Amino acid sequence: MQRLFDQEASQAFRTLADRPGTEQRTSEGLRALVEDVLAVGRGMVLKLSPARRVLFVAALICPILAALAFDFYLSQTHVQFDASPFWYLLSIAILILLLALELVDRLRVRDELEVARQLQSDLLPQGSPDLVGWRISHSYRTANEIGGDYYDFLPLPDGRMAIAVADASGHGIGAGLLMAIGNAALETAVDLDPRPLAVMKLLGRTLYRTGGRRAF
Numbered sequence: 192m193q194r195l196f197d198q199e200a201s202q203a204f205r206t207l208a209d210r211p212g213t214e215q216r217t218s219e220g221l222r223a224l225v226e227d228v229l230a231v232g233r234g235m236v237l238k239l240s241p242a243r244r245v246l247f248v249a250a251l252i253c254p255i256l257a258a259l260a261f262d263f264y265l266s267q268t269h270v271q272f273d274a275s276p277f278w279y280l281l282s283i284a285i286l287i288l289l290l291a292l293e294l295v296d297r298l299r300v301r302d303e304l305e306v307a308r309q310l311q312s313d314l315l316p317q318g319s320p321d322l323v324g325w326r327i328s329h330s331y332r333t334a335n336e337i338g339g340d341y342y343d344f345l346p347l348p349d350g351r352m353a354i355a356v357a358d359a360s361g362h363g364i365g366a367g368l369l370m371a372i373g374n375a376a377l378e379t380a381v382d383l384d385p386r387p388l389a390v391m392k393l394l395g396r397t398l399y400r401t402g403g404r405r406a407f
């Protein structure tokens, strides 16, 4: 619970309000609170799909409709109509539906990340290489589900062992994709010409063509 409010809630606020947390506040008190609420609400609306925006706005309108009650006289008869429970229940139902849709999206992303993590794991050495006179141990652990760190042991035709250690820029899926491209280019380069200079030239050209300016 402490982590929920100290870390996750503040991170959610910064993400929805599009504030990195380093800027100086120009307002204080009630005005600052109103600005924060409006920023979070705007961020929530903009980050939803168009159809879900309509549902979210409808959920916000329903409590306003619940506050409206019809009270009038018809032929000496006092007529009072209160539909507030219906509107409140409709608002809650819409919010639960939106929460369920967002959870399904998150589960799909998690499953896709798990598949990508397994594919990345298959690109790394599964065991220790046999090298006479040497004993080699290695371990790999990423900060996120997918990382950009890479290493490999490549046996050469003349009996030598080529050892590659690399770190793709960034982290997450982008770094993992760059690492996969680098792995394929590295193995091809070693098969063509195992000299380190030739390998790095081919690897550099491949990554330069496939990656953006931030990818290296």
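My numbering puts the first residue of the sequence shown at 192, with every later residue one more than the last. Think of the CB as a built atom: it goes at the ideal place given N, C-alpha and C, for glycine as much as any other residue. From a predicted model like this one, the values you see are computed outputs, not experimental measurements.
Where residue 207 and residue 230 are concerned, what is the direct C-alpha to C-alpha distance, given to the nearest angstrom? The residue labelled residue 207 in the question sits at position 16 within the sequence shown. The residue labelled residue 230 in the question sits at position 39 within the sequence shown. If you draw a straight line from the Cα of residue 207 to the Cα of residue 230, it is about 7 angstroms long.
Helix, strand or coil for residue 153? Go by DSSP, reduced to three states. Lying outside 192 to 407, the shown extent of the chain, residue 153 is not represented and no answer is given.
Excluding the 5 residues preceding and the 5 following residue 304 in the sequence, name in chain order all residues of the same chain whose CB lies nearer than 6 angstroms to its CB. Start at 1 with the first residue of the sequence shown, and residue 304 comes out as number 113. Same-chain partners within the cutoff: 336.
With distances taken from CA atoms, which of 312, 233, 246, 277 is nearest residue 293? Here residue 293 refers to the residue found at position 102 when the sequence shown is read from its first residue. Residue 293 has its Cα closest to that of 246, out of 312, 233, 246, 277.
Does any CB atom of chain B fall closer than 8 angstroms to the CB of residue 381? In the structure shown, chain B does not exist; there is a single protein chain.
Assigned exposure category for residue 356 - 16 Cβ within 10 Å defines buried: As a position in the sequence shown, residue 356 is number 165, starting the count at 1. The residue in question, residue 356, is exposed, as its Cβ has fewer than 16 Cβ neighbours within 10 Å.
Do you know how far the Cα of residue 298 is from the Cα of residue 312? Within the sequence shown, numbered from 1, the residue matching residue 312 stands at position 121. Within the sequence shown, numbered from 1, the residue matching residue 298 stands at position 107. Answer to the nearest angstrom: the Cα atoms are 21 angstroms apart.
Euclidean distance between Cα positions of residue 361 and residue 309: For the purposes of this step, residue 361 is identified with residue 170 of the sequence shown, where counting begins at 1. For the purposes of this step, residue 309 is identified with residue 118 of the sequence shown, where counting begins at 1. For residue 361 and residue 309, the distance between alpha carbons rounds to 19 angstroms.
Through-space distance from residue 301 to residue 381, alpha-carbon basis: Translated into the one-based positions of the sequence shown, residue 381 becomes position 190. Translated into the one-based positions of the sequence shown, residue 301 becomes position 110. Answer to the nearest angstrom: the Cα atoms are 35 angstroms apart.
If the criterion is Cβ atoms closer than 8 angstroms, does the pair residue 341 and residue 370 meet it? On the sequence shown, position 150 is the one that residue 341 refers to. On the sequence shown, position 179 is the one that residue 370 refers to. Against a cut-off of 8 angstroms, the Cβ pair of residue 370 and residue 341 comes out as a contact.
Three CB pairs or more closer than 8 angstroms across the segment 321-329 and the segment 278-293: No: the two stretches stay apart, fewer than three of their Cβ pairs being nearer than 8 angstroms.
May I ask which residues mark the beginning and end of the beta strand (DSSP E) holding residue 384? As a position in the sequence shown, residue 384 is number 193, starting the count at 1. No beta strand (DSSP E) contains residue 384, which DSSP labels as neither H nor E.
Span of the beta strand (DSSP E) holding residue 346? In the sequence shown, the residue the question calls residue 346 occupies position 155. Here the beta strand (DSSP E) through residue 346 covers 340-346.
Where does residue 350 land, buried or exposed, given buried means 16+ other C-beta within 10 angstroms? Here residue 350 refers to the residue found at position 159 when the sequence shown is read from its first residue. Burial state of residue 350 is exposed, judged by a 10 Å Cβ sphere holding fewer than 16 other Cβ atoms.
Would you give the residue range spanned by the alpha helix (DSSP H) that residue 267 belongs to? To locate residue 267, count along the sequence shown from 1; it is residue 76. Looking at the DSSP string, residue 267 is not in any alpha helix (DSSP H), and its letter there is neither H nor E.
Looking at residue 401 and residue 364, is the spacing between their C-beta atoms short of 8 angstroms? Here the question's residue 364 lines up with position 173 in the sequence shown. Here the question's residue 401 lines up with position 210 in the sequence shown. At least 8 angstroms separates the beta-carbon of residue 364 from that of residue 401.
Under the rule that 16 or more other beta-carbon atoms within 10 Å means buried, what is residue 389, buried or exposed? Here residue 389 is taken as the residue at index 198 of the sequence shown, counted from 1. The residue is exposed, with fewer than 16 neighbouring Cβ atoms inside 10 Å.
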